[in-house]
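Residue numbers (this note's numbering): 3 to 337.
Comments concern the structure below.
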Ligand code: A3P
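If you want it as structure tokens, here you go:
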């Protein structure tokens with residue numbers, strides 16, 4: 003994809019949002035200034051609500067999925083990176099549509115695999131312990147190349163099932179998926195998009211919700227994403243955010259059984275006790291404080307961080323009854 007390419011607008015190309023914010027000058031935003039995307043990615047019309055003037059979204063249909071990615075990914079040899087991924091039989095992949103409880107499930111899986119039942123969760127951040135398949139290794143994100151991760155490799159991914167490499171499906175690698183009430187995932191994504199310097203979204207929630215239902219957020223259409231994994235629930239362990247809330251002990255037992263790990267009742271209790279919202283928000287290895295320090299997320303922290311509220315049903319503060327009905331009508335229409 004380094005071949006035929008076009009250069010993206012430089013930082014002086016203002017997009018004209020009414021309350022355009024000064025983009026924080028950080029090593030992360032500096033890294034966005036030279037953006038070159040291959041011609042076979044279709045540019046999505048610019049949305050001025052993304053007040054980072056450097057970001058653009060692109061679309062490409064891959065294995066039947068309308069994959070959406072920001073130029074930030076595409077400039078770094080994205081497809082080459084994906085094509086080069088070779089799953090190993092011992093790999094464990096936690097997949098999700100963003101903002102569905104990925105971090106939570108990752109930490110539970112890491113603890114089950116490492117038998118860690120205490121307050122500590124290793125001596126490194128979750129990003130380092132559990133790198134993301136589709137993000138090229140980046141010092142800003144503190145991720146290691148997957149080749150450098152000792153087995154069993156614990157890997158996060160937002161890729162749809164349709165885009166998992168053949169080697170994931172043929173190697174015997176274990177895949178776990180977490181989904182969440184789409185209304186809460188949408189609210190969470192709205193705040194996240196306001197918080198990260200990649201986007202600095204400043205549109206209204208209804209405007210953002212429309213983008214969500216039109217399938218214009220990374221990694222693409224929500225319903226097709228969830229369906230792709232649920233259709234393979236015979237081999238993928240599918241959990242929900244709401245289950246992690248209502249009976250985390252049961253979820254931990256399911257994870258352990260799926261991964262072939264033995265846990266005592268005391269182990270399960272220890273994991274449950276140290277993975278509640280308050281515990282993970284207090285834990286420097288799970289609270290993503292480094293995003294704010296390194297400039298990936300805004301320093302003001304007005305959005306509450308990666309661990310924002312951690313509740314079921316926050317959507318009630320953002321949807322009227324009629325909006326919820328319309329949204330759920332869309333959600334329940336088959337794809
Ligand atoms: P909110 O923004 O609604 O608070 P992801 O990890 O997929 O990006 O999802 C982030 C969402 O999961 C955030 O939701 C975050 O607060 C929530 N979350 C993460 N860890 C949690 C925990 N231990 N308990 C409850 N919610 C958690």
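Quick reminder that beta carbons are idealized off the backbone N, C-alpha and C, glycines included.
Collapsing the DSSP output to three states places residue 64 in a strand. In the DSSP assignment, residue 134 forms a beta bridge with 158. Under the DSSP definition of a beta bridge, residue 242 partners with 181.
Comparing alpha-carbon positions, the option among 263, 303, 331, 203 lying closest to residue 114 turns out to be 263. Taken in chain order, the whole alpha helix (DSSP H) runs of length 4 or more contained in the region 168-214 are 168-173, 184-197. For residue 321, same chain residues with a beta-carbon under 7 Å away, outside a window of 5 residues either side, are 185, 329 in chain order. Beta-bridge annotation (DSSP): residue 50 is not paired with any residue. Checking the 7 Å criterion, the Cβ of residue 127 is out of range of every heavy atom belonging to ligand 1.
Where residue 96 is concerned, the enclosing beta strand (DSSP E) starts and stops at 94-98. When only Cα atoms are considered, residue 137 and residue 180 end up about 19 Å apart. DSSP places residue 282 inside the alpha helix (DSSP H), whose first and last residues are 279-284. In this structure, residue 84 sits away from residue 60, with a CB-CB distance that is not shorter than 8 Å. Counting other Cβ atoms within 10 Å of its Cβ, residue 133 reaches 16 or more and is therefore classed as buried.
A heavy atom of ligand 1 is found nearer than 7 Å to the CB of residue 106. With respect to the 8 Å criterion, residue 317 and residue 189 are classified as neighbours on the basis of their beta carbons. Within the DSSP secondary-structure output, residue 44 pairs in a beta bridge with 61. If you compare the alpha carbons of 285, 227, 281, 290 with that of residue 66, the shortest gap goes to 227. The three-state reading of DSSP puts residue 69 in strand, counting E and B together. For residue 119, the shortest separation between its Cβ and any heavy atom of ligand 1 does not lie below 7 Å.
Per DSSP, reduced to three states, the secondary structure at residue 39 is strand.
Around the beta carbon of residue 237, fewer than 16 other beta carbons sit within 10 angstroms, so the residue counts as exposed. For residue 120 against residue 272, the beta-carbon gap comes to about 6 Å, under 8 Å, which counts as contact. Ranking 285, 27, 170, 40 by CA distance to the CA of residue 55 puts 27 first. Taking 8 Å as the cut-off, the beta carbon of residue 116 is found no closer than this to the beta carbon of residue 221. Taking the Cα positions, residue 86 is about 15 Å away from residue 173. In this structure the region 39-59 lies against the region 191-206, because at least three pairs of beta carbons, one per stretch, are closer than 8 Å.
DSSP lists 198 as the beta-bridge partner residues of residue 299. The three-state secondary structure of residue 27, taken from DSSP, is coil. By the Cβ neighbour-count rule, residue 232 is exposed, with fewer than 16 other Cβ atoms within 10 Å of its own.
Taking the CA atoms as reference points, residue 99 sits about 15 Å from residue 157.
At the C-beta level, residue 199 and residue 292 stay beyond 8 Å of one another. Around the beta-carbon of residue 53, 16 or more other beta-carbon atoms lie within 10 Å, marking it buried.
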